[in-house]
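Chemist: Submitted below is the structure of interest, expressed as structure tokens.
There are 4 protein chains.
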Amino acid sequence: MPESDATLVRHPADRMFASDNAVGASTEIVEAVARASAGGHLAYGEDAYTVEARRKVTEVFGHEAIVHCVSTGSAANGLALATLLDPWGSVLCHRGSHIFYDECGAPEFFTSGGKLIPLDGPDGKIDPDELGRAVRAGVGSIHSAQPQVVSITQATESGSVYTVDEIRALTTIAHDAGLRVHMDGARFTNALVALDITAAEMTWRAGVDILSFGVTKNGGLTTDAVVAFDTTLGTELAYRVKRAGQLTSKMRFQSAQLAAYLTDDVWMRNARHANAMAERLVDGLRATPHVHVRGTGGANIVFCHLPDATVEALTDDGFVFHHGHPEPGVARLVTSHATTPDAVDALVAAIRRAQDAA
Amino acid sequence: MPESDATLVRHPADRMFASDNAVGASTEIVEAVARASAGGHLAYGEDAYTVEARRKVTEVFGHEAIVHCVSTGSAANGLALATLLDPWGSVLCHRGSHIFYDECGAPEFFTSGGKLIPLDGPDGKIDPDELGRAVRAGVGSIHSAQPQVVSITQATESGSVYTVDEIRALTTIAHDAGLRVHMDGARFTNALVALDITAAEMTWRAGVDILSFGVTKNGGLTTDAVVAFDTTLGTELAYRVKRAGQLTSKMRFQSAQLAAYLTDDVWMRNARHANAMAERLVDGLRATPHVHVRGTGGANIVFCHLPDATVEALTDDGFVFHHGHPEPGVARLVTSHATTPDAVDALVAAIRRAQDAA
Amino acid sequence: MPESDATLVRHPADRMFASDNAVGASTEIVEAVARASAGGHLAYGEDAYTVEARRKVTEVFGHEAIVHCVSTGSAANGLALATLLDPWGSVLCHRGSHIFYDECGAPEFFTSGGKLIPLDGPDGKIDPDELGRAVRAGVGSIHSAQPQVVSITQATESGSVYTVDEIRALTTIAHDAGLRVHMDGARFTNALVALDITAAEMTWRAGVDILSFGVTKNGGLTTDAVVAFDTTLGTELAYRVKRAGQLTSKMRFQSAQLAAYLTDDVWMRNARHANAMAERLVDGLRATPHVHVRGTGGANIVFCHLPDATVEALTDDGFVFHHGHPEPGVARLVTSHATTPDAVDALVAAIRRAQDAA
Amino acid sequence: MPESDATLVRHPADRMFASDNAVGASTEIVEAVARASAGGHLAYGEDAYTVEARRKVTEVFGHEAIVHCVSTGSAANGLALATLLDPWGSVLCHRGSHIFYDECGAPEFFTSGGKLIPLDGPDGKIDPDELGRAVRAGVGSIHSAQPQVVSITQATESGSVYTVDEIRALTTIAHDAGLRVHMDGARFTNALVALDITAAEMTWRAGVDILSFGVTKNGGLTTDAVVAFDTTLGTELAYRVKRAGQLTSKMRFQSAQLAAYLTDDVWMRNARHANAMAERLVDGLRATPHVHVRGTGGANIVFCHLPDATVEALTDDGFVFHHGHPEPGVARLVTSHATTPDAVDALVAAIRRAQDAA
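Chains as they are written, first to last, in the numbering used here: chain A, 1 to 358; chain B, 1001 to 1358; chain C, 2001 to 2358; chain D, 3001 to 3358.
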């Protein structure tokens, strides 16, 4: 869902519900960056911070992995897909997925012309029957792009969360047909804590081959990561990272973020907090007359129908959020590691005031 | 010049002469990043830090400009070239330039198959006569990639610095033939203070259309920037930045670096210091018997011939630097904003000891 | 619709209903190729045949045009789209169109990663309302590929034919929103004679900017053409043709085909004949009990429901055609310039026999 | 060498020395095309002509092979290189090679941004020592495009012919370093008859992995071919052919050319004749005072120094040829299967007249 073509209202901190990327970074991560500035370290990943960050990733996932810090989730997605895809291959993804809808063709750029095939399914999730048909469509025909990758977004753009069984249903269809599986985990940890399972259970154990591991939206500053559980992808991924202008010289500053994120449970705490704030918001909204909350899968995005007059009143009060997506009359309210209970309560109170006034 | 395929020796801080990207960031910039974490700010550049950083860039260059923070110099170069180049165009550049030699085909990736034509010239600088021939070669022939861009590296990979007259000689040839001019300024400020002129004089006044503006090597953490003085390139550049996975959500953390870099003369002070340390090093080496210093253009890279035994002795002492490039027997010693006079003196003393022992 | 992943049955000449590209070339065109072999002619289009072919194209279209012969319709489509599209642009096309469904990502290859957005609409035609929404979706949002081109297939893959009013409805929506219009005319002349209008009326007068002009399926040997009515596209198109390996040295052999095609009404006669054979087939099928003919727009493709037993019987009789597309139980019967009335009558008779036997 | 940016003089048949692609096709091939028009044949290569052509290729090369007819040598080269190359790979080729110099970036387009590294060497041939250095340059460095392919042009653009030993010297260096070998055989058969060896000896036995097999310049109409001796490349090559718009529907018309070319020694006879005409021309020129013939390797291109006045006089006489390449004062005279002894003698006589007049 585009952040900038919705109607945007601007204003300061504790009224910010526009996105979990519209807030700052966790203190632990900011401090880790500051500490990493000391001393000499070789560039391009030959530094101790990067070694440490990679060790931590394999530790929390319980699996060997190729790990590259990148500057955006779009870069992570593009590099992951390019590494899995032949130029004549196609990526099967949800019609509402970020890669299909919201990256201005970045996947097509990174794959030098790969094809994305949009699939339907309720609640932002790919329908397994439709996937079952899509993995077979055109297979072996020279005239058809060949299905090679399924991309699953967890949590979805709709704020819902695939269960492990739902993930495995899709990855089984994919693997049985010879396809590989990418997971776009821009809000990976929000989904993880919602399901209360391990990172291993939600990824390689469930059939995920490569992961875009979101850090920025959950407390990072300037880094996300690509994590390939299939280590044979290592060489290709490394060269693609370099060619894409994503091999940073002072990589330690990204690695320090990633390491701090995975230390002392920062990632889990941040996501639990963001989800709890979303739950608090949903509870408040549900107790508000005439407010219709659209399904939440337990992550940190809440959609609800709000009348135009209410939107206007909230805006006048300084609240910042997107509305009009995915359809007119719907507001999208995102909580984050930085959202306070007071901010949530103030938002609910403001909505009630506005509704009462109507 | 590749950082990693030379013979590398690893060791801590004040013995680091491997590269200006093998040190930390300036305190002012680290603190600015920490400060930027406070409060809510819209993502994707619609924040106050980005507005401020862009304002500062136009101020120090004295010219309107399109400014995008990116995560590496390779991304800056790739995006700049892609914006200037048609797919059937060619980029004329020095054979030893980073874009031709050291980016693993990133320019070819960003331009979707543009062609780089390597030119010769002493001291890392493009020979004007050769450029004069190259801008005419194949022009109008359907069989030939069409010369469209000249890319100048300032300071060069050889550590030399083009004078303004030398830049203008090349840009005039380029513009007269209908080509545009890109400057790869990974070490822009080192060149600027070496020439003791203004940023305007070294860029748009000298005929530069678009600049890769280096920040990381001169005290930044995780950002460089593309600066287009031709503002008609704005729309194309913006979409290319997005497609390339370089449009960051928490852009404020890059913008805060750029703004701090340009505040209170941090960029100029850092570069002056790095250059002064290089000069101190050259002075020390020149006073050392049997050490041959290869030309320095006043920036912060020093090449000198060292016998293998000396290299070994320095390595044993914990000094870190590249050698064997561009040819066997040559060491490449890079100073930075973080290099101390003591570190330089210690290096010179160690070299003398090693030479004496021989 | 893929030619090769349907169930294919092979057999000789007068039983061939698989495709209009599964027959030979018109005698006039074959003879023109033979004649063109005489004498010396400069390569790469600097020959008299090419001059003549281009003159004839502008004559029959009544408009100045840039004309390039290419070896396939996919090349024509890819080059046309690449010339109209920025890398960050999107092409709006029908979900069942050849470019979206049947070219293995050739448009994405030629455009270096452009995005094709599939639209719905009955009878193989783009629904104007859906186009109206699509041309506005994401416009101006940096996160969204920008709608830049509408591609219309005339005649459609379903065998239907857009009326001029229908074309103009789409091109008006496109142009009003700032998009350009491509027509995939693989079966251009079949549509033209079905509508009984001029080539001008069906193209530039109706708002078409660039045309893939089919020759091969209507009597040619080895050439199709790109025809750009907007002559400002000339330079870009020429370089793209070269880069794509489509600038032939002995271009005269393609140009001679194109010129002969447009001489003495060959193109019109061939298409009228193919369409008449389709009509004769439809008449025969409609008079056959239990055979359901799916809509025909007057061009040369007929879809009809046939029981498996009938398909088998026809196959045993040596008839060659695709079935199972677009859905099980449907046969696709294509007539051509080379289809004889006797062949059509024999096919109808065979179907009747098979149905009677059931 | 560009055909069109040299100074061109135009005129009819028996005075044509501009190129071997500036003449018609062999009668046998033209007749085969005409014959192939009869009857129904499935499209996209599922026809008897294609089966036969592929069989003949494997027969004359004495090796299993993947064979695809394509419309130009540039397409053959681009497809071959794309199939061998990773996007981060580099192709080592001669500075004067067609792929580097004369295809407007087609290899970069087909490879989606592969890098071509120009090497030097006398007489249009790659110097083995330079190749030996180039195959090692940057290997394993993430910053450097990785050498993956060597491309050899046989016969060269200079008209010279590699001996088998020379080919093997290069392919051994390549294979020892893990690279694959492409041969650009636009004038393959001219080289073959010059060496008087078998096609096997000049290709796979000498270490060639994939061949651009020229047909057009030696008597064909509209086809060249890619021939991969490594049949594991088959799937990738097939999809790339399709995506590049090179999978023709009426493939039989290309296959018929290729089959006729390889039947009854047409290819060998044509090349022998062209080479003999070049030899006759060289003999004539050598017997002419003040004419300096530049080296010929026995193929069908002759370079000689001619004064401007002579060029002018020949032009006035109606002779057509390129001059000014590779340097001022040099004429390039190409003979072909269609060149007559009388035409050669007339050219020599005209040169003598012009020289006498000077």
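Note that beta-carbon positions come from the ideal geometry of N, C-alpha and C, so glycine has one too.
#1: Okay, do the segment 2042-2052 of chain C and the segment 2147-2164 of chain C touch, 3+ Cβ pairs below 8 Å being the bar?
#2: Can you name, in chain order, every residue of its own chain whose Cβ lies under 8 Å from the Cβ of glycine 1062/B, other than the five neighbours on each side?
#3: Would you check if the distance between the CB atom of serine 3074/D and the CB atom of glycine 2245/C is smaller than 8 Å?
#4: Nearest chain A C-beta to phenylalanine 1109/B closer than 8 Å, yes or no?
#5: Measuring only the C-alpha atoms, how far is alanine 1275/B from glutamine 1257/B?
#6: Is DSSP giving isoleucine 1167/B helix, strand or coil here?
#7: For a cutoff of 8 Å on Cβ pairs, would you count alanine 3006/D as touching chain C?
#8: So if DSSP puts phenylalanine 1017/B in a beta bridge, which residue, or which two residues, is it bridged to?
#9: Can a CB atom of chain D be found closer than 8 Å to the CB of histidine 143/A?
#10: Leaving out the 5 sequence neighbours to the left and right, which residues in its chain are closer than 8 Å to threonine 3189/D when beta-carbon positions are compared?
#11: For chain C, is any of its Cβ atoms less than 8 Å away from the one on aspartate 102/A?
#12: My assumption, with CB atoms under 8 Å, is that isoleucine 3210/D sits in contact with threonine 3083/D. Please give the rounded CB distance.
#13: To the nearest angstrom, report how far apart methionine 16/A and threonine 2232/C are at their CA atoms.
#14: Looking only at C-alpha atoms, which of Val161/A, Val91/A, Met277/A, Tyr162/A sits nearest to arginine 136/A?
#15: Using C-beta distances below 7 Å, list every residue in its chain close to glutamate 3031/D, excluding the 5 sequence neighbours before and after it, in chain order.
#16: Under 8 Å, do threonine 3072/D and aspartate 3184/D count as touching if we go by C-beta distance?
#17: Can you say whether glutamate 312/A is buried or exposed, counting buried as having 16 or more other CB atoms within 10 angstroms of its CB?
#18: Can you tell me the Cβ-Cβ gap for alanine 2309/C and alanine 2358/C, rounded? I've got them flagged as a contact below 8 Å.
#19: So, does the CB of leucine 1085/B fall closer than 8 Å to a CB anywhere in chain C?
#20: Would histidine 2292/C be called buried (16 or more neighbouring beta carbons within 10 Å of its own) or exposed?
#21: Residue ranges of each beta strand (DSSP E) run of no fewer than 3 residues wholly in the segment 3215-3303 of chain D, ordered along the chain?
#22: Buried or exposed for valine 1139/B, please, with buried defined as at least 16 other CB atoms from any protein chain shown within 10 angstroms of its CB.
#23: Run down chain A in chain order and give the residues with a C-beta less than 7 Å from the C-beta of threonine 1243/B.
#24: Name, going along the chain, the residues of the segment 1312-1334 of chain B whose beta-carbon falls closer than 9 Å to a beta-carbon of chain A.
#25: Under 8 Å, Cβ to Cβ, is there at least one residue of chain A near methionine 1016/B?
#26: Compute the Euclidean distance between the alpha carbons of threonine 172/A and arginine 205/A, then round it to the nearest angstrom.
#27: For cysteine 2104/C and tryptophan 88/A, which I take to be in contact (beta-carbon distance under 8 Å), what is that distance rounded to the nearest angstrom?
#28: For glutamine 3148/D, name the three-state secondary structure that DSSP assigns.
#29: Under DSSP, the beta strand (DSSP E) around aspartate 184/A begins and ends at which residues?
#30: So serine 112/A and glycine 2113/C are supposed to be a Cβ contact under 8 Å. How far apart are they, rounded?
#31: List the residues of chain B that tyrosine 239/A touches, going by C-beta distances under 7 Å, in chain order.
#32: Can you round the beta-carbon distance between serine 2249/C and asparagine 3021/D to whole angstroms, since I take them to be within the 8 Å contact cut?
#33: Alpha carbon to alpha carbon, what distance is there between serine 3019/D and proline 2307/C?
#34: Would you report the Cα separation of leucine 221/A and threonine 1216/B, rounded to the nearest angstrom?
#35: Assuming valine 2164/C contacts leucine 2195/C (C-beta within less than 8 Å), just tell me the rounded distance between them.
#36: Do you know offhand how far alanine 2259/C's Cα is from valine 3302/D's?
Modeler: For this structure:
#1: Verdict: no, contact absent.
#2: Here the set comprises Thr1198, Ala1199, Ala1200.
#3: Yes, the pair counts as a contact, with Cβ atoms nearer than the cut-off.
#4: Taking Cβ atoms only, chain A reaches closer than 8 Å to phenylalanine 1109/B, which makes this a yes.
#5: It is worth fixing the name first, because residue 1275/B is asparagine in this sequence and not alanine. Each residue's alpha carbon lies about 22 Å from the other.
#6: Correct three-state label for isoleucine 1167/B: helix.
#7: With a pLDDT of only 33 at alanine 3006/D, under the threshold of 50, the placement of this residue in the model should not be trusted; the figure read from the coordinates follows. For alanine 3006/D, no CB of chain C lies under 8 Å from its own CB, so it is not counted at the interface with that chain.
#8: Note: phenylalanine 1017/B sits in no beta bridge, so no partner.
#9: The beta carbon of histidine 143/A falls within 8 Å of a beta carbon belonging to chain D, placing the residue at that interface.
#10: Excluding residues within five positions, the ones whose Cβ falls inside 8 Å are Gly3214, Asn3218, Trp3267, Met3268, Asn3270, Ala3271.
#11: At least one beta carbon of chain C lies nearer than 8 Å to the beta carbon of aspartate 102/A.
#12: Confirmed, about 7 Å.
#13: Between methionine 16/A and threonine 2232/C, the C-alpha separation is close to 49 Å.
#14: Nearest C-alpha to arginine 136/A: Val91/A.
#15: Nothing listed; no residue qualifies.
#16: Against a cut-off of 8 Å, the Cβ pair of aspartate 3184/D and threonine 3072/D comes out as no contact.
#17: Classification for glutamate 312/A: exposed.
#18: Separation of the CB atoms of alanine 2309/C and alanine 2358/C is rounded to 6 Å, and the pair is thereby assigned contact status at 8 Å.
#19: Using beta-carbon distances, leucine 1085/B does not count as an interface residue toward chain C, since no partner is under 8 Å.
#20: Around the beta carbon of histidine 2292/C, a 10 Å sphere encloses fewer than 16 other beta carbons of the protein chains shown; the residue is thus reported as exposed.
#21: Complete beta strand (DSSP E) runs here, min 3: 3224-3228, 3292-3294.
#22: Valine 1139/B is exposed by the Cβ-count criterion.
#23: Correcting the residue identity first, residue 1243/B is arginine in this sequence and not threonine. By Cβ distance, chain A contributes Cys104, Gly105, Ala106, Phe109.
#24: So the close ones are Val1320.
#25: It does: the Cβ of methionine 1016/B has a partner Cβ on chain A nearer than 8 Å.
#26: Rounded to the nearest angstrom, the gap between the Cα atoms of threonine 172/A and arginine 205/A is 11 Å.
#27: Yes, they are in contact, since the Cβ atoms of cysteine 2104/C and tryptophan 88/A sit about 6 Å apart, within 8 Å.
#28: Of the three classes helix, strand and coil, the one that applies to glutamine 3148/D here is strand, per DSSP.
#29: Here the beta strand (DSSP E) through aspartate 184/A covers 180-185.
#30: Their Cβ separation, rounded to whole angstroms, is 6 Å, which keeps serine 112/A and glycine 2113/C in contact under 8 Å.
#31: The answer, in chain order, is Cys1104.
#32: Contact flag correct, Cβ pair sits at about 4 Å.
#33: Going from the Cα of proline 2307/C to the Cα of serine 3019/D covers about 58 Å.
#34: Straight-line measurement puts the Cα of threonine 1216/B at about 16 Å from the Cα of leucine 221/A.
#35: About 7 Å separates the two Cβ atoms, so the contact holds.
#36: Rounded to the nearest angstrom, the two C-alpha atoms are 35 Å apart.
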